[in-house]
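Trainee:
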Amino acid sequence: MSGESFRLLGDLLSVLVALFAVWKGGPAERVAAAILIANMAIGLAGGWLAPGSDGLIRLCNDGLAAAALLAVTLRYGAPWMGGVMLFYAAQFSLHSYYLVTDRPTDFLYAEINNINWSGTLWCLVIGASVAWRRRVVATRVAEQPAP
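This is how it looks when you write it as structure tokens:
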């Protein structure tokens, strides 16, 4: 498989995770999924529209996404969002390091980037699953006859 095929597969997985979060998650998961999709869309558009400024666009894009996700974390207090914030901190540090040192993106960058992104997606899946499970349990409890 080529690098472009892996990127396409990763983007498809990200969209599927976001759709799962919108479908089964609570309000926090839905907002976080929208932020992650917007982050992906801006990142892809930035790579196409300004390939020379790709590193700066990624840094700003991830910084804005982290700020938006911090607002979601503070608003909803979802425990899984703590993991997302740690992954975004690592992602922002990665982009900053490569931008400041003017290093070209290499295999190490790709590996760390992919680990951070997959960790963020796993946190979203876990958060949506927990919210879904809570709703199912609450529905079962509400449907039980009173003693």
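If you use my numbering, the sequence shown closes out at 147, no skipped numbers anywhere. Quick reminder that beta carbons are idealized off the backbone N, C-alpha and C, glycines included.
Which of the three DSSP states is assigned to glycine 55 in this structure?
Mentor: In the structure shown, glycine 55 sits in a helix (DSSP, three-state: H, G or I).
Trainee: Check whether the segment 69 to 76 and the segment 23 to 33 touch, using three or more Cβ-Cβ pairs below 8 Å as the test.
Mentor: Counting Cβ pairs under 8 Å, three or more are found: they touch.
Trainee: Using the three-state DSSP reduction, which class does arginine 103 fall into: helix, strand or coil?
Mentor: It is coil, neither helix nor strand.
Trainee: Please check the pair tyrosine 88 and aspartate 62, which I expect to be a contact at CB under 8 Å, by giving their CB distance rounded to whole angstroms.
Mentor: Tyrosine 88 to aspartate 62, Cβ: 7 Å. Contact.
Trainee: Which runs of the alpha helix (DSSP H) at least 4 residues long sit entirely within the segment 8 to 84? Give them in chain order.
Mentor: Here the runs fully enclosed are 27 to 49, 54 to 76.
Trainee: DSSP three-state call for alanine 146: helix, strand or coil?
Mentor: In this structure, alanine 146 counts as coil in the three-state DSSP scheme.
Trainee: Determine the direct distance from the alpha carbon of serine 129 to that of tyrosine 109, and round the result to whole angstroms.
Mentor: Taking the straight line from one Cα to the other gives about 30 Å.
Trainee: Checking 9 Å against the spacing of the C-beta atoms, do alanine 138 and lysine 24 come in under that value?
Mentor: No, the pair does not count as a contact, with Cβ atoms beyond the cut-off.
Trainee: Taking the straight line between their C-alpha atoms, what separation do you get for leucine 16 and valine 22?
Mentor: If you take the alpha carbons of leucine 16 and valine 22, they lie about 10 Å apart.
Trainee: Between the Cα of alanine 67 and those of Gly82, Arg135, Leu9, spot the shortest distance and give me the residue it belongs to.
Mentor: Checking every option, the nearest Cα to that of alanine 67 belongs to Gly82.
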